[in-house]
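Residue numbers (the numbering used here): 119 to 561.
Just so you know, even glycine gets a beta-carbon here, dropped at the ideal spot from N, CA and C.
See structure below.
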């Protein structure tokens, strides 16, 4: 079997590029394929291209590797398109957080929930739909594997308004598994968790010993009661109230709740992010100059995009514990017309959702942010300010009509260069090739 053609849009990203390379160059089932790197930043693209060439040689994977700033040059004949992009990520994100705060909106991160997520969606969805239009023309049978935020809104828009098969991947569930392992004083890979909900706000329905299948929830409840009170306090308040552990951290999950500000309103640590990127950049340049070894990155990252590609390409079924997909009954008590995060199975026939029943008290907390997500997608597709206002007023983070109007005016002007009506056609009802009937457990 020949290797697949993979196009990586946003390949200049250090945060997702290096982990993706690590997974790709340690996946022997994809050997001999083609990898095309796409990025509009020439310096970042050149650096990651040189890194990919070095890792390819060190791994012996024998991939054909190319680079381009023009995605239409790379897309013809692609089997898989990995997308990791953001428009002026940190610069605009800072405004997404600071301006609502200045209007009195108490929110904690400004990325996947609240007004920040609305504007992430308004500027990002048109670009993603443009990519999908190119895919429909140049590689209509390719899969889109998305890392870009806000994941739930992007995956919903792609599924609803294009014919492209799309799945989102996120490591949030594994962050929560690590937190649970910390409370249980165990290694993360010794436990297995099942979660379902929205991206960055799932509920862990099952915690088991990976080997014996013992239910570890009783131990978790007992040990959590006496654990360090400063650890994930908002997460644990919800855990004690509802009996299930929510994902994936206080600030991420807090974006979806009217009291999420209790997780803190410091926002994202942009200074630490900048320092980490500068450090990683130096490490890459040192390795490429012979002052380090690129083999340090030849290891599995824990991300699941490459695992999904390998399963889709070879047909060897793999269980993916967490993926963002079009709902259509995967969580029965949430709207079918929604993007949810649930376990999936991947094989040659596609991505198969594993249905997970959630108690009504848990879906109740998901319903309001789910409605805001759906409305924000419609606003982004229409490029409509009034629709954006409706999405804001439906969001649990908003507690003032005057604040909503004020922040909307300011952020709309800042994002105006990227907001526009999208040329769309409704894709109509989409049915997965075969959904799995398992209710909350690993098949």
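Between residue 193 and residue 243, what straight-line distance do the alpha-carbon atoms span, to the nearest angstrom?
19 Å
Subject >> Inter-stretch contact (C-beta, 8 Å, three-pair minimum) for the stretch 254-264 and the stretch 292-308 >> reply: no
Output the distance between the C-alpha atoms of residue 135 and residue 129, rounded to the nearest integer angstrom. Between residue 135 and residue 129, the alpha-carbon positions lie close to 5 Å from each other.
In whole angstroms, what is the alpha-carbon distance linking residue 333 and residue 312? 12 Å
Check your understanding: So, helix, strand or coil for residue 264, using DSSP?
Key -> strand
Integer-rounded CB distance, given that residue 274 should sit under 8 Å from residue 491
7 Å
Check: Can you tell me whether DSSP reads residue 553 as helix, strand or coil?
Finding: Its pLDDT being 42, under 50, residue 553 is placed unreliably by the model, and nothing is read from it.
Starting from the N-terminal side, write out each stretch of the alpha helix (DSSP H) that is 4 residues or longer and does not extend beyond the stretch 193-222.
-> 207-220
>> Let me check understanding here. Comparing Cα to Cα, which of 178, 461, 199, 215 lies closest to residue 265?
In response: 199
query = What are the uninterrupted segments assigned as beta strand (DSSP E) that are 3 or more residues long and contained completely in the stretch 453-494, given in chain order?
reply = 457-465, 468-471
**Asked** residue 531 to residue 540, Cα distance in whole Å?
**Response** Each residue's CA atom was taken as its position, placing residue 531 and residue 540 some 18 Å apart.
Identify whether residue 229 lies in helix, strand or coil by the three-state DSSP scheme. The three-state reading of DSSP puts residue 229 in coil, since its state is none of H, G, I, E or B.
Report task. Go through the stretch 311-392 residue by residue and report every complete run of the beta strand (DSSP E) that reaches 3 residues or more, in order. Result -> 319-327
- The beta strand (DSSP E) enclosing residue 107, as first and last residue numbers: The question about residue 107 has no answer, for the chain in this structure spans 119 to 561.
By how many angstroms is the C-alpha of residue 468 removed from the C-alpha of residue 550? Confidence is the limiting factor: at residue 550 the pLDDT is only 40, short of 50, which leaves the residue's position unreliable, though a coordinate-based value still follows. Cα to Cα, the separation comes out at about 8 Å.
### Query
So, does the CB of residue 329 fall closer than 9 Å to a CB anywhere in chain C?
Going by chain labels, chain C is absent from the structure shown, which holds only one protein chain.
Residue 340 beta carbon less than 9 Å from that of residue 89:
The displayed coordinates of the chain run from 119 to 561. Any statement about residue 89 would go beyond what the structure contains.
Expressed to the nearest angstrom, what Euclidean distance is found between the alpha-carbon atoms of residue 449 and residue 317?
13 Å
**Report entry** Which residues DSSP lists as bridging residue 155, in chain order
**Finding:** 126, 185
Q: Using beta-carbon positions only, say whether residue 481 and residue 451 come within less than 9 Å of one another.
A: yes
### Helix, strand or coil at residue 536 [DSSP, three-state]
It is coil, neither helix nor strand.
Quick one: what's residue 441 bridged to in DSSP? 460
| With distances taken from CA atoms, which of 535, 519, 496, 521 is nearest residue 236? | 496
Quiz prompt | N- and C-terminal bounds of the beta strand (DSSP E) containing residue 285 | solution = 283-286
Residue 554 to residue 387, Cα distance in whole Å? Because residue 554 sits at a pLDDT of 39, beneath the cut-off of 50, its placement in the model cannot be relied upon, and the following sentence gives the value as read from the coordinates. Answer to the nearest angstrom: the Cα atoms are 40 Å apart.
query = Hey, is the stretch 209-221 in contact with the stretch 471-479, meaning 3+ C-beta pairs nearer than 8 Å?
reply = no
(Q) So, under 8 Å CB-CB, residue 176 and residue 416 are touching, yes? Tell me the CB distance rounded to an integer number of Å. (A) 6 Å
What is the rounded straight-line gap between the Cα of residue 268 and the Cα of residue 229?
7 Å
*asked:* Report the CB separation of residue 438 from residue 461 in whole angstroms; it is logged as a contact under 8 Å.
replied: 7 Å between Cβ atoms; contact.
Checklist line | Other residues of its chain near residue 120: CB distance less than 8 Å, five sequence neighbours each side excluded | finding: Excluding positions up to five away in sequence, the list reads 150, 151.
Margin query: Out of 370, 368, 353, 484, which one is the CA nearest neighbour of residue 362?
Written below: 353
Quick check: the Cα distance between residue 227 and residue 358, rounded to an integer number of angstroms? One C-alpha to the other measures close to 24 Å.
(Q) Taking the beta carbon of residue 305 as the centre, do at least 16 other beta carbons fall within 10 Å, making it buried, or is it exposed? (A) Counting Cβ neighbours within 10 Å, residue 305 comes out exposed, since fewer than 16 surround it.
task = State the DSSP-derived secondary structure class of residue 409, mapped to helix, strand or coil.
result = coil
In whole angstroms, what is the alpha-carbon distance linking residue 364 and residue 203? 27 Å
- Look at the Cβ atom of residue 515, then the Cβ atom of residue 378, and state whether they are nearer than 9 Å. Yes, the pair counts as a contact, with Cβ atoms nearer than the cut-off.
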